[in-house]
Amino acid sequence: MSFAGSDITGARGQPVKQGRSALQKTDPREFPNRIILNNPTPVPHPGRWIAVGLLCIAAMLVLWSLATNPNFHWDVVRSYLFDQQVLRGILWTLVITVMAMVVAIVAAVSLTFMRDSENPVLRFVSWLWVWLFRGTPVYTQLVFWGLLSVLYPRISVTVPFGPQLFSLETIDVFTPGVSAVLGLGFNEAAYLAEIFRAGFRSVDSGQKEAAKSIGMGKTMTMFRIILPQAMRMIIPPTGNETIGMLKTTSLVLAVPFAFDLTFATNTIANRLYLPIPLLIVSGLWYLAITSILMVGQHFLEQHFGKGVDVAAIHQE
Amino acid sequence: MDAIFNPADDAPECVRIKGVHKFFGAVHVLRGIDLSIRRGEVCVVIGPSGSGKSTLLRCINQLEGISAGRIYLNGELIGYREANGRLNSLPEAKIAVQRRSTGMVFQRFNLFPHKTAVENVMEGPLKVKKTPRAEAIRRASELLERVGLADRANYYPTQLSGGQQQRVAIARAMAMEPNILLFDEPTSALDPELVGEVLDVIRGLAKTGITMMVVTHEIGFAREVGNHLVFMDGGMILEEGPPAEVIAAPKNARTQSFLAKVL
Ligand SMILES: Nc1ncnc2c1ncn2[C@@H]1O[C@H](COP(=O)(O)OP(=O)(O)O)[C@@H](O)[C@H]1O
Ligand SMILES: [Mg+2]
Numbered sequence: 007m008s009f010a011g012s013d014i015t016g017a018r019g020q021p022v023k024q025g026r027s028a029l030q031k032t033d034p035r036e037f038p039n040r041i042i043l044n045n046p047t048p049v050p051h052p053g054r055w056i057a058v059g060l061l062c063i064a065a066m067l068v069l070w071s072l073a074t075n076p077n078f079h080w081d082v083v084r085s086y087l088f089d090q091q092v093l094r095g096i097l098w099t100l101v102i103t104v105m106a107m108v109v110a111i112v113a114a115v116s117l118t119f120m121r122d123s124e125n126p127v128l129r130f131v132s133w134l135w136v137w138l139f140r141g142t143p144v145y146t147q148l149v150f151w152g153l154l155s156v157l158y159p160r161i162s163v164t165v166p167f168g169p170q171l172f173s174l175e176t177i178d179v180f181t182p183g184v185s186a187v188l189g190l191g192f193n194e195a196a197y198l199a200e201i202f203r204a205g206f207r208s209v210d211s212g213q214k215e216a217a218k219s220i221g222m223g224k225t226m227t228m229f230r231i232i233l234p235q236a237m238r239m240i241i242p243p244t245g246n247e248t249i250g251m252l253k254t255t256s257l258v259l260a261v262p263f264a265f266d267l268t269f270a271t272n273t274i275a276n277r278l279y280l281p282i283p284l285l286i287v288s289g290l291w292y293l294a295i296t297s298i299l300m301v302g303q304h305f306l307e308q309h310f311g312k313g314v315d316v317a318a319i320h321q322e
Numbered sequence: 736m737d738a739i740f741n742p743a744d745d746a747p748e749c750v751r752i753k754g755v756h757k758f759f760g761a762v763h764v765l766r767g768i769d770l771s772i773r774r775g776e777v778c779v780v781i782g783p784s785g786s787g788k789s790t791l792l793r794c795i796n797q798l799e800g801i802s803a804g805r806i807y808l809n810g811e812l813i814g815y816r817e818a819n820g821r822l823n824s825l826p827e828a829k830i831a832v833q834r835r836s837t838g839m840v841f842q843r844f845n846l847f848p849h850k851t852a853v854e855n856v857m858e859g860p861l862k863v864k865k866t867p868r869a870e871a872i873r874r875a876s877e878l879l880e881r882v883g884l885a886d887r888a889n890y891y892p893t894q895l896s897g898g899q900q901q902r903v904a905i906a907r908a909m910a911m912e913p914n915i916l917l918f919d920e921p922t923s924a925l926d927p928e929l930v931g932e933v934l935d936v937i938r939g940l941a942k943t944g945i946t947m948m949v950v951t952h953e954i955g956f957a958r959e960v961g962n963h964l965v966f967m968d969g970g971m972i973l974e975e976g977p978p979a980e981v982i983a984a985p986k987n988a989r990t991q992s993f994l995a996k997v998l
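Chains A and B are the protein sequences, given in the same order.
Numbering of the first sequence is given in my numbering, commencing with residue 7 and proceeding in unit increments.
Numbering of the second sequence is given in my numbering, commencing with residue 736 and proceeding in unit increments.
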């Protein structure tokens, strides 16, 4: 790296900054004369500048209307942004999102293993699950879960030809909250299962053999070798699904579950006869949470990208 | 030949393969293999592509099950329990234990990409053998030093050249202290200028008296390092013996024409 800056100069005579790549380790003695770099005039891009201009004008128009159109009722937005009912709605939305995703991940992992199992019955059940839950609207499913207590008023577990072990009112078990979580979670599992399966398939089969060859059992191979590598493929789409889930919770009124963020802002809007500012309130909150999720996703991706996303920076 | 460890003629048997056949569906890939490898021997396997060399190694390492015959490692039947003339398949967990006594080096290295070189080497001792962490790190560093990569311990596989990756893979296989090391064309995926460094490491191991079975296309290397050469074709062992003799004067016509092509 002892390449003297004066040996290479730009067209205007200033020394050119040297990178640290091995390819640039040229012996200066081979270059007794100064090298004049070509520095050609770049190709003009007039279209780019026109597009920038048009977008600036559009942005200004939007900002202007946001600031001056009284129908936005920014004062209402401000006074309800941190309203008790809204904050409680956010909490419920988060709780349902997290619990539904946990249910979905557990179910999806089971579905993934069932799908690749040697047992044809398990394979079929897994296929059936994906077919059923992916093939019907989540709204329909939520309504259905809410009506479960109409369909089966009591749940009882009975030993075949023997005594009844216990019996419960369905409505005590499948409360609106439980129905919402299960409904959203089971539906989501169908999508996650496909994502997980693709993730596991992306890991080279040589990895499994290498793990076996050092005496690892199936479970250890899965958790220490296959899963960490599959995670790299699994996390980005699963992050998208989590964000999707956050927004899908706005459908839980179908159960009917009446505490989430969308329900809270809708209730206030109906009371005030001002739907627009409260849509803005809920929209801002959904955006804020989504942004936080994206940051979390970024760090997860970094963690599981270890060894693959590293460039050759460490080398000299 | 002087530098190479030569096992005594009465050295105990490390691997015994008896009448092994392997079918993939209807494809008859191994057609009656009988082979005995003594402890301390370097057995080199040569033969045309598709002759079943990899399959034989994979059967010894139980990455594939066999269709007929028996394989014994240090006198122990592998893959089955034999009682009253009946064979019972061993459960996966027991097979995993048996696999610890064989180390495998793959053509395509198969290093764990999410682990550094030293983590690759210590993974087996740490997680499978439950060696204490400090001890596992110490042993792994020693092994990396032995394959000449002490200064690359904290590099990820993507940051290493093919030759370096393969040397890490050899250290990883050694870390389990196997009774036999199996090499499946360890230099075939390497750029020509990187072949030498890997062969040097294997040559070094051969001198220490560790039992090895090496599938290779490097005939010069086979003659120099091996003390038992096996020629396979069409799923059968057609000729075996001391490498120098077989290579200089092959008896089987197929061995002759194969050697004529590769030499
Ligand atoms: N998993 C498999 N399924 C079906 N055929 C296979 C499989 N593995 C190997 N074979 C076949 O077995 C034969 C021997 O293969 P292999 O042992 O890899 O030969 P070699 O290593 O000597 O080149 C080839 O014809 C190959 O196509
Ligand atoms: Mg092969």
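Heads up, the beta-carbon is just placed ideally off N, CA and C, and yes, glycines get one too.
Just so we're clear, the structure is a prediction, and the values are computed from it rather than from any experiment.
- Looking at the C-beta of lysine 214(A), does it have a partner C-beta in chain B at a distance below 7 angstroms? Not closer than 7 angstroms to any Cβ of chain B, the Cβ of lysine 214(A) fails to qualify, so no.
- Task: Drop a sphere of 10 angstroms on the beta-carbon of alanine 73(A), count the other beta-carbons inside from all chains shown, and report buried for 16 or more, exposed for fewer.
- Result: Counting C-beta atoms within 10 angstroms of its own C-beta, alanine 73(A) has fewer than 16 neighbours from the protein chains shown and is therefore classed as exposed.
- Item | CA nearest to the CA of aspartate 81(A), picked from Leu284(A), Thr225(A) and Ser132(A) | When each option's Cα is compared against that of aspartate 81(A), the closest is Leu284(A).
- Message: Strictly below 8 angstroms CB to CB, what residues from chain B border isoleucine 231(A)?
- Response: Going along chain B in sequence order, the residues near isoleucine 231(A) (Cβ under 8 angstroms) are Phe847.
- Query: Hey, how far is the Cα of lysine 23(A) from the Cα of leucine 43(A)?
  - Reply: Note that lysine 23(A) scores a pLDDT of 45, beneath 50, so its modelled location is shaky; the value from the coordinates is reported in the next line. Computed Cα separation, rounded: 12 angstroms.
- Item | Exposed unless 16 or more other CB atoms sit within 10 angstroms - verdict on alanine 28(A) | Since pLDDT at alanine 28(A) reaches only 46, below the 50 mark, its modelled position is unreliable, and the value read off the structure follows with that caveat. Alanine 28(A) comes out exposed.
- Task: Go through the region 904-966 of chain B residue by residue and report every complete run of the beta strand (DSSP E) that reaches 3 residues or more, in order.
- Result: Counting only runs of at least 3 residues, the region 904-966 of chain B fully encloses the following beta strand (DSSP E) elements, listed from N- to C-terminal order: 915-919 and 946-950.
- Message: Any beta carbon of chain A sitting closer than 7 angstroms to that of asparagine 796(B)?
- Response: True, the Cβ-Cβ gap to chain A drops below 7 angstroms.
- Task: Identify which residue in Asn741(B), Pro978(B), Phe759(B) and Glu776(B) has its Cα closest to the Cα of arginine 751(B).
- Result: When each option's Cα is compared against that of arginine 751(B), the closest is Glu776(B).
- Query: Skipping 5 residues on each side, what residues in its chain have a beta carbon closer than 6 angstroms to that of threonine 118(A)?
  - Reply: Cβ within range, chain order: Ala199, Phe202 and Arg203.
- Message: Any residue with its C-beta under 5 angstroms from a non-hydrogen atom of ligand 1 counts. Can you list them all in chain order?
- Response: The filter returns Phe759(B), Val764(B), Ser784(B), Gly785(B), Ser786(B), Gly787(B), Lys788(B), Ser789(B) and Thr790(B), in chain order.
- Message: Spatial neighbours of phenylalanine 310(A) within its chain, please: C-beta separation below 7 angstroms, excluding the five flanking residues on both sides.
- Response: If we look at phenylalanine 310(A) and ignore the five residues flanking it on each side, its Cβ neighbours are Pro234, Met237, Arg238 and Ile241.
- DSSP beta-bridge partners for methionine 971(B)? According to DSSP, which records beta bridges pairwise, methionine 971(B) is partnered with Asp968(B).
- Query: Mind pulling the chain A residues with CB within less than 9 angstroms of aspartate 863(B)?
  - Reply: Residue identity differs from the one stated: residue 863(B) is valine in this sequence, not aspartate. Against chain A, a Cβ distance below 9 angstroms from valine 863(B) picks out Ile220, Gly221, Met222, Gly223 and Met226.
- Residues of the region 906-940 of chain B whose Cβ lies closer than 8 angstroms to any Cβ of chain A, in chain order: Against chain A - using a Cβ distance shorter than 8 angstroms - the residues of the region 906-940 of chain B are Arg907, Ala908, Ala910 and Met911.
- Task: Closer than 6 angstroms by C-beta to glycine 961(B): which residues in its own chain qualify, once you throw out the five before and the five after it? Chain order, please.
- Result: Correct list, in chain order: Val777, Val779 and Pro978.
- Quick one: what's got a C-beta closer than 7 angstroms to leucine 861(B)'s C-beta in the same chain, skipping five residues either side? Counting only Cβ-Cβ distances below 7 angstroms, and skipping sequence neighbours, we find Arg868 and Ala871.
- Message: Which residue wins for smallest C-alpha separation from tyrosine 158(A), given the options Glu175(A), Pro166(A) and Leu171(A)?
- Response: Of the candidates Glu175(A), Pro166(A) and Leu171(A), the residue whose Cα lies closest to the Cα of tyrosine 158(A) is Glu175(A).
- DSSP-derived helix/strand/coil call for serine 123(A): Reduced to three states, the DSSP call for serine 123(A) is coil.
- Taking only beta-carbon positions, decide if arginine 874(B) is within less than 7 angstroms of chain A. With 7 angstroms as the cut-off, arginine 874(B) does not count as an interface residue toward chain A.
- Query: Is the region 171-191 of chain A close to the region 125-141 of chain A, with three or more CB pairs under 8 angstroms?
  - Reply: Taking a contact to require three or more Cβ pairs closer than 8 angstroms, the region 171-191 of chain A and the region 125-141 of chain A do not qualify as touching.
- Query: Given histidine 79(A), which residues of its chain have a CB within under 7 angstroms of its CB, disregarding the five upstream and five downstream residues?
  - Reply: The answer, listed in chain order, is Leu280, Ile282 and Pro283.
- Query: Name the chain B residues that come within less than 9 angstroms of glycine 313(A), Cβ to Cβ?
  - Reply: Ordered by position in chain B, the residues that pass the 9 angstroms Cβ test against glycine 313(A) are Phe847, Pro848, His849, Lys850, Thr851, Tyr891, Pro892, Thr893 and Gln894.
- Query: Are the region 800-810 of chain B and the region 829-842 of chain B touching, with three or more C-beta to C-beta distances below 8 angstroms?
  - Reply: As far as the Cβ criterion goes, the region 800-810 of chain B touches the region 829-842 of chain B, which means the pair count is three or higher.
- Message: Any beta carbon from chain B within less than 7 angstroms of glutamine 235(A)'s own beta carbon?
- Response: At least one beta carbon of chain B lies nearer than 7 angstroms to the beta carbon of glutamine 235(A).
- Message: By the three-class DSSP mapping on this structure, what secondary structure does histidine 79(A) have?
- Response: Residue state, collapsed to three classes: coil.
- Query: Should alanine 828(B) be flagged as near chain A, meaning a C-beta pair shorter than 7 angstroms?
  - Reply: It does: the Cβ of alanine 828(B) has a partner Cβ on chain A nearer than 7 angstroms.
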